[in-house]
Amino acid sequence: MEYLAIVFSPWALLTIFIGAFAGVAIGGMPGLTATMAVGLLVPFTYTMDPAMGLMLLGGIYAGAMYGGSIPAILLNTPGTPAAVATAIEGYPMSRAGRAPLALKTSVIASFAGGTFSVFILLLFAPFLARQALAFGPAETFLLALMGLAGIISIADENSSLLKALIAGVLGMIIAIIGTDDMSGSLRYTMGLVELYDGIDFMPALIGLFSMIQMLELAGQKSHEIDTSALEKEQKGEKLPRGIGKYMGLGAGTGTLIGILPGEGATIAAFISYNLSKRISKTKELFGKGNPEGIAAAEAGNNGCVGGSLVPTITLGIPGNSVAAALMGAFIIHGMIPGPDLFTEYADRTYPFIISLFVANGVFLAVGLFFAPYLARIALVPPAIMVPVVAAFAVLGSYALNNSVFDIYLMIAFALGGLVLKKLGYSLEALILGLILGPIAEGGFSQGMIIGKGSPWIFFDSNIAKVMWVIILALLVPPLYSYWKHVHKAGKAAG
Amino acid sequence: MQKKWADRALLAVFILMAVLLYRSTAGYPGIAQSTSAKYVRFLAVFIGVLCLAQLGFGLVRDHGRDILVLTGNRRRFLALLVGLGLFAIAFEPLGFYLSGAIFIPAIGWILGYRRPLVLGLTTAGVLGFVYAVFVQLLSVRLPGIEIF
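Which chain is which? The protein sequence lines are R and D, in order. Just so you know, we're using the numbering used here here: the first sequence kicks off at 72 and counts up by one. Just so you know, we're using the numbering used here here: the second sequence kicks off at 4 and counts up by one.
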């Protein structure tokens, strides 16, 4: 009751409303993503009341996941990558004058997926966090390895498996810059005082996920969006019967995928979409405007919200890049992920989780009543959007440590990240490596001390053994399918 | 430059970095030799092996002639980069408001937006928003000469 009172206080409700509404608007702008928005705003929540700051960011996360579907349906321009699958079905529906049904399906599915995943978060997070009490340094190291094993599944058609791993390890190498905790000596700081504490991951995150998008937008040849569906006469329809099945499928799949480290909303949406295609009785309508596909994809990407927060706040392993940015917010407020969040900081963590239910309600209302109007946000010209977001990126990079060096760092990460991205390296893997690096090093070094230099410490306990099994289970299937892919390609070439 | 050559050059740099990283651990002091140094060596070997494997795969399989294109419009891309650099340099001496009041409309103009009134109003809106929300509400300290 105490936590409910915090969430339902007027200021908190206003904060959640602003967050969710801003999230829908940001998600609705092509080129702007939830990671970018949350990453940009984390430094600014530093001076806010921690619970309020987290509620604001949580609202943005939930809202942005849904917001991407609006221009995807009405303009064939997905606001976020996670809404690509929605565009495949939503835009043909809009062209056929069925936009209201597509929008309604999208918002209700997003609400269902989001609410279900937050419920799972509320149910399992405290339990999982309690298990973390039994973790010693060896298990912590294995936990980081488990997060890195998730990197393998980040690999897609744009970034090969090897390149995803290289990017992840590169992130871990960048993370070793700074003072060595074991000896107190400086490593690879090049005499720069600003690097003594290491590379803060917030400027890196802003550079990799906000500034890169602005650099790409600035360099785009043209920005033409088909607005014909907006002018077309649209008819209202009821939700088709049996659509709940696809929402349930998406919600479950999205939540599960969200829990796996490294897996993002885009993958969740596509897997849910493909599964719905498989079980649908109207397979022939897929690609031509099938609301079942929208229901599964949207429930899938919003299901990721709660799912991705499960490993983030319980074990400190971010489920995806947005969760990584949110983890940054927890850390800057002194809330280290783990059991303490549900005991010492329960008055902040539980209101944050409960606020996600409210945020889902807010975007449901916003979507049902304002979605067609919000599609116009996608028409904001990049020439206006780029300098504004770039100014916030500079401000956000500076604000956390009041350091101009962090601005340079952000620009360097944006430029370097762009080259890596164009060559097919995964930036999500890079940022995960950067975050997991210190966790892995701390666990490894302490484990080696406890084990008196013997690596067997990492195989000793029962938890460690179970964790190795999970790591292998995460690694073997993608490695096997990669090997098959390489083998097939080799045969075709030879 | 062709993508495959850019990738090979990058992988070669990473391999060189891995070698240097490995060698650097010899200088780690005291207890770090049995802890951090082992971890860093592990990373160096890991990335070195991965890069060698990728380089090998690339040499055998990648016969593409795709060109590495960082941007579709070099002038605008460079303008934004230079603008960002100047914004960062001016951030402390001029303060956020003054440098932002130049940066936002200048970049908007360079990117092809030709409606001064909208650019002016957007700039004023952003600066006003930052002042009201971040400075007044959230007490974020911004550097340099303030115009408010």
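Don't be surprised by glycine CBs; every beta carbon is placed ideally from N, CA and C.
Exercise. Looking at C-alpha atoms only, which residue of R/518, R/250, R/194 is the closest neighbour of residue 261 of chain R?
Worked result: Taking only the C-alpha atoms, the option nearest residue 261 of chain R is R/250.
For this session: Quick one: list the residues of chain D neighbouring residue 453 of chain R, beta-carbon separation under 8 Å, in chain order.
Result: Simply 114.
Problem set entry | Supposed close pair residue 95 of chain R, residue 434 of chain R - CB separation, criterion 8 Å | Right, the Cβ-Cβ distance comes to about 5 Å (below 8 Å), so this counts as a contact.
Exercise. Going by beta carbon distance, what residues of the same chain come within less than 7 Å of residue 394 of chain R, once the five residues before and after it are set aside?
Worked result: Around residue 394 of chain R, the same chain offers 379, 380, 383 as residues with beta carbons nearer than 7 Å, after the five sequence neighbours per side are excluded.
Problem set entry | At least three beta-carbon pairs within less than 8 Å, the region 251 to 271 of chain R to the region 31 to 46 of chain D | Contact between the region 251 to 271 of chain R and the region 31 to 46 of chain D is present, because at least three Cβ pairs lie under 8 Å.
Exercise. If you draw a straight line from the C-alpha of residue 215 of chain R to the C-alpha of residue 390 of chain R, how long is it?
Worked result: Going from the Cα of residue 215 of chain R to the Cα of residue 390 of chain R covers about 12 Å.
Exercise. Does the distance from the C-beta atom of residue 100 of chain D to that of residue 136 of chain D stay below 9 Å?
Worked result: No, the Cβ-Cβ distance between residue 100 of chain D and residue 136 of chain D is not below 9 Å.
Exercise. CB-CB under 6 Å to residue 337 of chain R, same chain, minus the five flanking residues each way: which ones, in chain order?
Worked result: The residues are 152, 153.
Exercise. With a Cβ-Cβ cutoff of 9 Å, do residue 553 of chain R and residue 75 of chain R count as a contact?
Worked result: Against a cut-off of 9 Å, the Cβ pair of residue 75 of chain R and residue 553 of chain R comes out as no contact.
For this session: For residue 411 of chain R, go through chain D and note every residue whose CB falls closer than 9 Å to its CB, in chain order.
Result: Within 9 Å Cβ-Cβ: nothing; residue 411 of chain R doesn't reach chain D, min ~25 Å.
For this session: For residue 169 of chain R, count neighbouring C-beta atoms within 10 Å of its own C-beta (all shown protein chains included) and say buried if the count is 16 or more, exposed if not.
Result: Per the 10 Å Cβ criterion, buried.
Exercise. Cα separation between residue 259 of chain R and residue 248 of chain R?
Worked result: Between the alpha carbons of residue 259 of chain R and residue 248 of chain R lies a gap of roughly 5 Å.
Exercise. For chain R, is any of its Cβ atoms less than 9 Å away from the one on residue 139 of chain D?
Worked result: Taking 9 Å as the threshold, the shortest C-beta distance from residue 139 of chain D to chain R does not fall below it.
Exercise. So what does DSSP say about residue 241 of chain R, is it helix, strand or coil?
Worked result: If DSSP states are grouped into helix, strand and coil, residue 241 of chain R belongs with the helices.
For this session: Can you check DSSP and say which residues form a bridge with residue 70 of chain D?
Result: Residue pairing by DSSP puts residue 70 of chain D in a beta bridge opposite D/5.
For this session: Report the rounded CA-to-CA distance for residue 567 of chain R versus residue 326 of chain R, giving the unit in angstroms.
Result: Not covered by the structure: residue 567 of chain R. The range shown for chain R is 72 to 565.
Problem set entry | Helix, strand or coil at residue 228 of chain R [DSSP, three-state] | With a pLDDT of 48 at residue 228 of chain R, under the threshold of 50, the modelled position of that residue is not reliable, and the figure given next carries that caveat. Note: residue 228 of chain R maps to coil in three-state DSSP.
Problem set entry | From R/518, R/503, R/494, residue whose alpha carbon lies closest to that of residue 61 of chain D | Residue R/494 is the option with its Cα nearest to residue 61 of chain D.
For this session: Kindly say whether residue 88 of chain D, judged by its beta-carbon, lies nearer than 9 Å to any beta-carbon of chain R.
Result: True, the Cβ-Cβ gap to chain R drops below 9 Å.
For this session: Give the DSSP-derived three-state secondary structure of residue 447 of chain R in the structure shown.
Result: Of the three classes helix, strand and coil, the one that applies to residue 447 of chain R here is helix, per DSSP.
For this session: Would you kindly work out how many angstroms separate the C-alpha atoms of residue 268 of chain R and residue 275 of chain R, rounded to a whole number?
Result: Distance between the alpha carbons of residue 268 of chain R and residue 275 of chain R: 14 Å.
Exercise. What three-state label does DSSP hand residue 518 of chain R in the structure shown?
Worked result: Looking at residue 518 of chain R - three-state DSSP - the assignment turns out to be helix.
Problem set entry | Contact with chain R by residue 33 of chain D, beta-carbon distance below 9 Å | Residue 33 of chain D counts as touching chain R.
Problem set entry | Residue-level contact to chain D via CB, residue 258 of chain R, 9 Å cutoff | Judged by the 9 Å Cβ criterion, residue 258 of chain R is in contact with chain D.
For this session: Flag residue 144 of chain D as yes if its beta-carbon sits less than 9 Å from any beta-carbon of chain R, otherwise no.
Result: Flagged as an interface residue toward chain R: residue 144 of chain D, by a C-beta distance shorter than 9 Å.
For this session: Would you check if the region 104 to 116 of chain R and the region 467 to 477 of chain R touch, i.e. whether three or more CB-CB distances between them fall below 8 Å?
Result: Judged by Cβ distances under 8 Å, the region 467 to 477 of chain R makes contact with the region 104 to 116 of chain R, as three or more pairs qualify.
For this session: Grab me the residues of residue 423 of chain R's own chain with a C-beta within less than 8 Å of its C-beta, minus the 5 sequence neighbours each way, in chain order.
Result: These residues qualify, in order along the chain: 122, 125, 126, 129.
For this session: Return the residue from the list R/207, R/177, R/155, R/478 that minimises the CA-CA distance to residue 521 of chain R.
Result: Proximity to residue 521 of chain R across R/207, R/177, R/155, R/478 peaks at R/207, based on C-alpha coordinates.
Problem set entry | Contact set for residue 342 of chain R: own chain, Cβ-Cβ below 8 Å, skip 5 residues either direction | Non-local C-beta neighbours of residue 342 of chain R in its own chain, meaning closer than 8 Å and more than five positions away in sequence, comprise 324, 328, 371, ordered along the chain.
For this session: With DSSP as the reference, label residue 99 of chain R as helix, strand or coil.
Result: Reduced to three states, the DSSP call for residue 99 of chain R is coil.
For this session: Please confirm whether residue 165 of chain R and residue 144 of chain R have their CB atoms less than 9 Å apart.
Result: Yes. Within cutoff.
For this session: Give every residue of the same chain whose Cβ lies closer than 7 Å to the Cβ of residue 529 of chain R, excluding the five residues on either side of it in the sequence, and list them in chain order.
Result: For residue 529 of chain R, where only same-chain residues beyond five positions count, the Cβ hits under 7 Å are 209, 212, 213, 518, 535.
Exercise. If residue 157 of chain R sits next to residue 177 of chain R, beta carbons under 8 Å apart, how far is it from one beta carbon to the other, in whole angstroms?
Worked result: Yes, residue 157 of chain R and residue 177 of chain R are in contact; Cβ-Cβ is about 6 Å, under 8 Å.
Exercise. What is the rounded straight-line gap between the Cα of residue 256 of chain R and the Cα of residue 477 of chain R?
Worked result: Cα-Cα distance, rounded: 22 Å.
Exercise. Name the chain D residues whose beta carbon is nearer than 9 Å to that of residue 291 of chain R?
Worked result: Close to residue 291 of chain R, with beta-carbon spacing below 9 Å, are these residues of chain D in chain order: 74, 75, 76, 79.
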